[in-house]
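Asks: So the sequence lines, in the order shown, correspond to chains A and B.
Just so you know, we're using my numbering here: the first sequence kicks off at 3 and counts up by one.
Just so you know, we're using my numbering here: the second sequence kicks off at 3 and counts up by one.
Below is a structure I'd like to ask you about.
2 protein chains.
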Amino acid sequence: NQRCFQTATVRQISVETLQPSDVFAPRHNSAIGQEVQEMVNLTGFDTLDALIDATVPKAIRRGQMDLGEYTKGYTESEFIAKFKKMAEKNKVFKSYIGMGYYNTHLPPVIQRNLLENPGWYTQYTPYQAEIAQGRLESLLNFQTVVTDLTGMQISNASLLDEATAAAEAMTMCSALARGKKLTFLVSDKCHPQTIAVCQSRADGLGLKVVVGDEASFSFDKDVSGVLLQYPATDGSIHDYKALVEKAKAAKAKVCVATDLLALTQLTPPGEWGADIVIGSAQRFGVPMGYGGPHAAFLACHDEYKRLMPGRIIGVSKDAQGKPALRMAMQTREQHIRRDKATSNICTAQALLANIAAMYAVYHGPDGLDQIAKRTSGLAAILAAGAMKLGHTVGDAAFFDTVRIKVGDAAKVVAAGVAEGVNLRQLDASTITVALDETTRLEDVDQLLRILNGGSAPGFSAESLASEVDSPVGSFQRSSGYLQSPIFNLYHSEHEMLRYLKRLENRDLSLAHSMIALGSCTMKLNATSEMMPITWPELASLHPFVPADQAQGYAEMFEDLSTQLAEITGFDAVSLQPNSGASGEYAGLMTIRAYHQANGDHHRDICIIPVSAHGTNPASAIMAGMRIVPIGVDRKGNINISELKAKAEEHKDKLAALMITYPSTHGVYEEGVDEICRIVHDNGGQVYMDGANMNAQVGLTSPGHIGADVCHLNLHKTFCIPHGGGGPGMGPIGVKAHLAPFLPTHPLVPTGALPGFKGDEKSFGTMAAAPFGSSLILPISYAYISMMGSEGLTEASRRAILNANYMATRLKDSYKVLYTGDNGTCAHEFIIDLRPLKDTADIEAEDVAKRLIDYGYHAPTMSWPVAGTLMIEPTESESKAELDRFVNALIAIREEVREIEEGKADKADNVLKHSPHTADVVMAGEWTRPYSREKAAFPASWVRQAKFWPTASRVDNVHGDRHLIAKLPAASTADDTVSEPMAASVGGN
Amino acid sequence: NQRCFQTATVRQISVETLQPSDVFAPRHNSAIGQEVQEMVNLTGFDTLDALIDATVPKAIRRGQMDLGEYTKGYTESEFIAKFKKMAEKNKVFKSYIGMGYYNTHLPPVIQRNLLENPGWYTQYTPYQAEIAQGRLESLLNFQTVVTDLTGMQISNASLLDEATAAAEAMTMCSALARGKKLTFLVSDKCHPQTIAVCQSRADGLGLKVVVGDEASFSFDKDVSGVLLQYPATDGSIHDYKALVEKAKAAKAKVCVATDLLALTQLTPPGEWGADIVIGSAQRFGVPMGYGGPHAAFLACHDEYKRLMPGRIIGVSKDAQGKPALRMAMQTREQHIRRDKATSNICTAQALLANIAAMYAVYHGPDGLDQIAKRTSGLAAILAAGAMKLGHTVGDAAFFDTVRIKVGDAAKVVAAGVAEGVNLRQLDASTITVALDETTRLEDVDQLLRILNGGSAPGFSAESLASEVDSPVGSFQRSSGYLQSPIFNLYHSEHEMLRYLKRLENRDLSLAHSMIALGSCTMKLNATSEMMPITWPELASLHPFVPADQAQGYAEMFEDLSTQLAEITGFDAVSLQPNSGASGEYAGLMTIRAYHQANGDHHRDICIIPVSAHGTNPASAIMAGMRIVPIGVDRKGNINISELKAKAEEHKDKLAALMITYPSTHGVYEEGVDEICRIVHDNGGQVYMDGANMNAQVGLTSPGHIGADVCHLNLHKTFCIPHGGGGPGMGPIGVKAHLAPFLPTHPLVPTGALPGFKGDEKSFGTMAAAPFGSSLILPISYAYISMMGSEGLTEASRRAILNANYMATRLKDSYKVLYTGDNGTCAHEFIIDLRPLKDTADIEAEDVAKRLIDYGYHAPTMSWPVAGTLMIEPTESESKAELDRFVNALIAIREEVREIEEGKADKADNVLKHSPHTADVVMAGEWTRPYSREKAAFPASWVRQAKFWPTASRVDNVHGDRHLIAKLPAASTADDTVSEPMAASVGGN
Ligand SMILES: Cc1ncc(COP(=O)(O)O)c(C=O)c1O
Ligand SMILES: Cc1ncc(COP(=O)(O)O)c(C=O)c1O
Ligand SMILES: O=C([O-])O
């Protein structure tokens, strides 16, 4: 009767079948068993092993990665459970530290429908404007918030953080003086991290930063500009008008670091003479997240716009003459001005800018005013209470931060910590208390109790309300802001929800179809990776809390940096850089510091192949290097003999080589080990651009190949979603000899991880927060921890397989450029569209736009080679999806053939008119030489899941000629920019 | 210098301005200050107070609600913080209790993009098929999962829970015997809650349930059917073939309660003779949630389909002849068969059915097989280990639940609890251990340790694997399942994400525009209300854990029931009923038990107005009552003299009156207090249908008016989202004299809340879980707690204002039926479309479908009056949205006028052809007498945020004639049902 589970001689249940159901790797690496074999066969190989062996040079192959406890890979639920426990080691105290980071309420409707919504977070940078009108509108809103509140004329659509924004302002001042003025004055009332970043940045650029009391500043001829902070880091507000006069007289520019919430109450810098205004939009709904990511901004006068760093969204028109948005002056970026660049910023903080913009939309001017008034009102009450308790309160005017002389400041700070409250100690006898949106009367009572030595004072915060007035005094703002309808309509949750949804639905994201963007690795951003980032244990931490409150983060940094070190083959990691470009800069500054420590101050030559990404030369310039370009051969490989010649020529001055691997052309250069050797032999260091790391993980590694430094775009290979243009993270890995020189921070020692070993030799600080955008590091940590060693390696193999499968399927229709010795490509490949120009007058852009009609986002266009598309499928796409995309490209080739064969007109054809909006295709009269169906429904899959572009081909030139980069103040009858639903209220 | 915060004589900062920024009510009640006044004025009143006074009869107005600590209303962040602490009082142990509830992994991609996505959860029941093809496909998938796994021919699209599904099967058996056989046999191996619900239901219906060992069943002539459980509650699996033979011979039907996961391994009931198969789909990814909500199912032979309860999704075709899905045999529901009904189910569990279906899509047949094999494999290992430890293991064949004789069962259970593990005690010496998807080898080791008295045995679970075989033995299934492409394509996260998104994008939800459904109160389902339901502290609790592990829930139940009692003016509340209709049934059973306790067994007459919702008479029948209908007058009010006459006529037998207030016609009947008096005077009880509670909260209350019982549709007034047709909750409130009779539960004492006072007199059990769908109660609790007393009252006032504003704006275009004495309506109103039939041959359906072209979901159609639309805007819609909707209706009236005036054809016009798909509007040839633009872009707001229906007008009759209610097994070339993307793989 007990037959079935009795001892049997044959083993009946294998331990493998007892493995959990929520193993992650098979959900990430899309193709499944049988399909993989079919794909391999099509590429002409018998096994995937054989394809990989033919593709990745044997000389650089590595052994299995040892990821310690993560080697096997956690299941999804196990990882969440484990990491939750780790996160709970963080202690979420109430922080009044301020210094650019404030508690804020992220409105739940925005959290769920934007931050936690793949429809928003998996979007790519809006290069394809026609399928990006939603986020472009939101970013235009962001720019409007910034210009309105700062009183400036033009704003960009985000920078990485407030401190780097300050450094960018400094660079602009230098550029405006055509590099002829080397001194930049920085008020000592700026945040310490801002000062530190400016100093480090100046060091690389050869500028001189003078920090001091602005009253003592002397504006001699060498001063390009000055940086003030308004309100200051200690909370005080000062009248800078006289100073501005002095600066103007000396032709120095005035830069102001400021706070958007404060500006709802304070006369904006634009009204008292600022030239450039910077700051962070964090407190507009974005969690502190132990330092980031947050959207910084930079606003300035119109006349400086061509020197502005970062992306700018502008209004233009589409082929139908309708208003349409797009990134203005794009040539500033993808085709970045290389060694003439003044900034290397590329990935920025789009997603966070969108949150901040939506926060402003949700609250509107009245709501923001109320929040600010309450914050400052409570601050005034706190100040009054502190005075009643016998303390001296520092300032005549303040907004949210109260400076209090308390006698023994350390003691008061400690008393706060004992009560779960973090205060800032300014000096031995002074503290500051920065209030924010979340502060309640009860909190002020608690603060007063702490200030009263622990016992309740004889009065309550509420009772003081009648005794105080607004603390901003004569700085009170009189001008209005955010008058545009968009900021005055969506204040209920339903309206907000629908606005978010309408914008989302205009944009194509990974939630719709693959975005095969070469060099950008748009892979799956799995939900289980994304979930932790809205846990309060991670989201609500101030970056400058005492170390024992951030033990969860510390543990994660240790584990993640250990993982990254093993993956990259390096000895040490810095988690500070906030983007790939920032990583490049940090890596080159590390190399620079190393050379200097060796007494090699003269080593300043950086060799960069002409095929390198534009950020490479830009970063080298910022690190004070001179660029020596070298060519590439027909295969896209570095010309080794040229390299050798140049390296030897510059032997004594050689600082570094920057190289991307696999190459930006998607090929594993065979000679890469030789290349590294040549550079080392001539005294240089090898910097590897890790953008293509997705083709290396588990197969080889930068360290193994011979590089000394490498950055990792965690927002590519390691699954941080692109967020419509950011956030990203660009940590760097280095060999041991470079470890001592890695970035540090004025408030939290950082240096090399894992296992902090001091940072005395650090080159300096390059981001506002000690560990960059800490809040999104868990995404990469989750990815690595759940994939495990084998899963990660398999991802690289599948990425290569997918690319080769597509290339094989496409090669009869398009010329595939640049393959390796065995005719295979790496994880991406380039198809050449230049021949179509001659045969059919078709350009790469026409093919890119026509893909939209097929439901697809174009691959990377005209980079690294003009007139081409670079296709990177990643491992996360299924065979079915690859096939649809390939079929679309083949069908488009046939459409081109119709032109070639004279069946279609060269100017008036389905490609030139693409993409087709519903509006166009539904027009009463149809005058096109092709059918409506052909226009909009060229493939079977489109017929029932059509993604409609909301703009026809956008006119870039028109927009750049008439740059409009913010919303008009009030809607007019034919208001074309503001959101259509808004404009149509009451109409039919 | 310290000017600004010094003592001033004038009070400068008001305490009001110090209020938090995340106050909830202004985000929920949409219209803002100035707008409200404009709207009031348009209705012809000076103030909102005056409008309300003219509308709500003075006699029934109540004073301010006292909601205790919730009176003021928590802010969003305060509520989340407070409730998180409360939830953390629940202890999340590992539960092996089984009994129909199992741990499961909800795949993160489904959690985020379905359960946490307003695009899915705010959908309405798919009555408007053309804008519901997404969820209809998903529900068709659900039906396919059920029919494939059970081996039956047809399944419905969910029932409330397994126990009520069993009771519905019992009712079907009775109906199949035309009510002539009164006995129903129930195996004692069914879950105790299933037995209890069948017993209570039988009691109301006048049936007899015989519970016993099925071996002893005698099939006499009076037996309509038998209920078996496979596998049984104790885990055992039995061969029922002989029993089936006996039953068939006696013309009794065989009902089988079963488990979908087990059926992947076991020969399905459909293959051994079952007539009706029921069960729960909970373990397909749906959190246990302390009892629900979960989707139950009922599957049967095709021949019984017209007696099947609940909704069935079927395939039909649209006006273009293309396949399209819709709810089949709809007449069974909205126009429910009243006193001829055999079931009252209306709101079901659509959202949970969708989760379960998507879980099956994500894992596919192989994945499900693996999960089942692992679960049963671990169970076999546990059994083998237990035997090794000297215990006796109960059964020859089992799937996941192991029955073990352990000596002192209570001691072992206690030892488990001490280790954070819940086991089930079956009797003094026996436990059962039910394993599930989440069980790991380590868990089995822990269980073996517990079975070994706390010390590790000399062997590991893993070491036993080789000694055991599948425990299902000869029951092993041989037939295949889930062969349709849909279950075999979307196994990677990207594919799953995009499938979810494609389906979402076919459906119009509250995330797009208002859904002004009369009687259904489609208001805002705020994010902060929804967030807690995915907290593990709430989601991961088994309903039968020891009480001390559910203290958080207990506290919430106390607070919520206290709030609901105050709001309804009642003394006690039961949280057990899972829908409005369930509430009706529970309320009437409570009344019945009260009468019986008074010796009034003969009181069985229930007076119901003809205007009542169909569920009212259906519920009365289920509660063993006889229905006496009464008419309504021209104003939609109950004919009081008729009521008086009928009540007096039935004086000795009067059990109850059922009344909806405000009336189903949207009017506050002036005579309602008199109506209640008449019923009471004649010995009856007043049952109030609380569907229209949104017009009462804070203004009056059922208790205040004079009712004795009332149900609350928490999924209407109290913000539980409709989920595309469920889940819902229908708790009931009662006066003190009825409290002792409220529902109880065999495993967890329930009875009246707040403050449990015994349940000896309870009428019985009416749901599987003690507190119904506990997991969604926090939504209503959050709503009430954040709105506070004033916010809730203001919601009612705004709901009334919005309805009157719309009615006023519409009254020149349409006749508004049924207004109160002062010409106002309540929170909803009816417009009459019958005249258009004569003048233009236009029916209500034409207007409803044409609204889709304008981007709107139709209001309630032809209920309670045929040929009308009933419009309920709710308080959550802004004036702008109300205006757009009104403008759409006015524009449609003008389109009708074109027909009336002969400018448009009666048959070939824009209304008759509505809705217009992109396909239709883009057709090469356009033969319609109106323009493409008029078809698709009739209003300005549609032009830039168009919602495209994916089907033309769906043919209901065709579908009902050729009922197809599941996917075909394999795709064919022109496979029309399966998802289009799937079908097109590899094609162009
Ligand atoms: C090869 C390469 N290097 C550097 C970068 C810059 O990275 P980030 O955008 O993160 O600054 C990119 C970005 O696309 C890149 O493709
Ligand atoms: C007046 C009325 N009563 C009862 C019900 C039934 O409620 P439920 O669908 O929750 O069972 C409804 C549902 O629409 C209703 O409108
Ligand atoms: O589904 C409803 O009928 O509310």
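Beta carbons: idealized from backbone N, C-alpha and C, even for Gly.
Model, not experiment: these values are computed from the prediction.
Evaluate Ala882 (chain A) with the Cβ neighbour count: other Cβ atoms within 10 Å of its Cβ, from every protein chain shown; 16 or more gives buried, anything less gives exposed.
Replies: Buried, by the Cβ-count rule.
Asks: Given that His1007 (chain A) touches chain B, what residues does it touch there, using C-beta distances under 9 Å?
Replies: Since the displayed chain A opens at 3 and closes at 990, residue 1007 (chain A) lies outside it and no answer follows.
Asks: Considering Cα atoms alone, identify which of B:Leu245, B:Thr196, B:Leu835 is closest to Glu216 (chain B).
Replies: Per the Cα distances, B:Leu245.
Asks: Taking Cβ-Cβ distances shorter than 7 Å, what residues in chain B pair up with Val923 (chain A)?
Replies: Those are Met924, listed as they occur along chain B.
Asks: Run through chain A and tell me which residues come within less than 7 Å of Lys375 (chain B), C-beta to C-beta.
Replies: By Cβ distance, chain A contributes Thr19.
Asks: When you compare the CB of Arg955 (chain B) with every CB in chain A, is at least one pair closer than 8 Å?
Replies: Taking Cβ atoms only, chain A never reaches closer than 8 Å to Arg955 (chain B), which makes this a no.
Asks: When you measure from the CB of Thr719 (chain A) to every non-hydrogen atom of ligand 1, does any distance come out below 7 Å?
Replies: No, since every heavy atom of ligand 1 falls outside the 7 Å radius drawn around the Cβ of Thr719 (chain A).
Asks: Distance check for Ala541 (chain A) and Ala350 (chain A), CA to CA, integer angstroms please.
Replies: The alpha-carbon atoms of Ala350 (chain A) and Ala541 (chain A) are separated by roughly 20 Å.
Asks: With distance defined between alpha-carbon atoms, name the residue in B:Glu672, B:Lys182, B:Leu262 nearest to Tyr483 (chain B).
Replies: Ranking B:Glu672, B:Lys182, B:Leu262 by Cα distance to Tyr483 (chain B) puts B:Leu262 first.
Asks: Can Met532 (chain B) and Tyr783 (chain B) be called in contact, C-beta distance under 8 Å?
Replies: For Met532 (chain B) and Tyr783 (chain B), no; Cβs fall outside 8 Å.
Asks: Straight-line CA distance for Val1008 (chain B) to Ala552 (chain B)?
Replies: The shown model of chain B, from 3 to 990, leaves out residue 1008 (chain B), and the question about it has no answer.
Asks: Under a three-way DSSP split, which group does Asn889 (chain A) fall into?
Replies: Three-state DSSP puts Asn889 (chain A) in a helix.
Asks: Identify the continuous beta strand (DSSP E) that holds Val711 (chain A) and give its terminal residues.
Replies: Element bounds for Val711 (chain A): 711–713.
Asks: Any idea if Ser826 (chain A) is buried or exposed, counting beta-carbon neighbours within 10 angstroms, 16 or more meaning buried?
Replies: Checking the sequence shown, residue 826 (chain A) turns out to be Thr, not Ser. Looking at its Cβ environment, which holds 16 or more other Cβ atoms inside 10 Å, Thr826 (chain A) is buried.
Asks: On the premise that Ala355 (chain A) lies in contact with Ala283 (chain A), defined as a C-beta separation below 8 Å, what is that separation, rounded to the nearest angstrom?
Replies: Right, the Cβ-Cβ distance comes to about 7 Å (below 8 Å), so this counts as a contact.
Asks: DSSP on His337 (chain A), reduced to helix/strand/coil?
Replies: Summary for His337 (chain A): the model assigns pLDDT 46, below 50, so the residue's position carries little reliability, and this model does not support an answer.
Asks: What's the gap between the Cα of Asp921 (chain A) and the Cα of Gly323 (chain A)?
Replies: The alpha-carbon atoms of Asp921 (chain A) and Gly323 (chain A) are separated by roughly 13 Å.
Asks: What residue from A:Ala967, A:Tyr587, A:Gly366, A:Ala850 has the CA that sits closest to Leu898 (chain A)'s CA?
Replies: The sequence given here has Val at residue 898 (chain A), not Leu. Residue A:Ala850 is the option with its Cα nearest to Val898 (chain A).
Asks: Taking 8 Å as the CB-CB limit, is Gln14 (chain A) close to chain B?
Replies: So yes, Gln14 (chain A) belongs to the interface.
Asks: Would you mind telling me which residues of chain A sit closer than 9 Å to Val288 (chain B), beta carbon to beta carbon, in chain order?
Replies: None at all; the shortest Cβ gap to chain A is about 15 Å.
Asks: Between Pro631 (chain A) and Ile609 (chain A), what straight-line distance do the alpha-carbon atoms span, to the nearest angstrom?
Replies: The alpha-carbon atoms of Pro631 (chain A) and Ile609 (chain A) are separated by roughly 6 Å.
Asks: Check whether the Cβ of Thr876 (chain B) sits closer than 7 Å to any heavy atom of ligand 2, and report yes or no.
Replies: No, the Cβ of Thr876 (chain B) stays beyond 7 Å of every heavy atom of ligand 2.
Asks: Taking any Cβ of chain B, which residues in the stretch 561–595 of chain A have a Cβ under 7 Å from it, in chain order?
Replies: So the list is empty, because no residue satisfies the distance condition.
Asks: Buried or exposed for Pro931 (chain B), going by 16 or more other Cβ atoms inside 10 Å?
Replies: Counting Cβ neighbours within 10 Å, Pro931 (chain B) comes out exposed, since fewer than 16 surround it.
Asks: Measuring from the CB of Ala693 (chain A), is there a heavy atom of ligand 4 at a distance below 7 Å?
Replies: Among the ligands modelled here, namely ligand 1, ligand 2 and ligand 3, ligand 4 does not occur.
Asks: Note down, in chain order, each residue of its chain lying with its Cβ closer than 6 Å to the Cβ of Arg594 (chain A), except the 5 sequence neighbours on either side.
Replies: Correct list, in chain order: Ala625.
Asks: If you follow the beta strand (DSSP E) that Cys827 (chain B) is part of, which residue opens it and which one closes it?
Replies: Here Cys827 (chain B) belongs to no beta strand (DSSP E), and DSSP marks it neither H nor E.
Asks: Using a Cβ-Cβ cut-off of less than 8 Å, give me the residues of the stretch 426–440 of chain A that come near chain B, in sequence order.
Replies: Within the stretch 426–440 of chain A, the residues whose Cβ lies closer than 8 Å to some Cβ of chain B are Glu439, Thr440, listed in chain order.
Asks: If we define contact as Cβ-Cβ less than 8 Å, is Gln478 (chain B) a contact residue for chain A?
Replies: Not closer than 8 Å to any Cβ of chain A, the Cβ of Gln478 (chain B) fails to qualify, so no.
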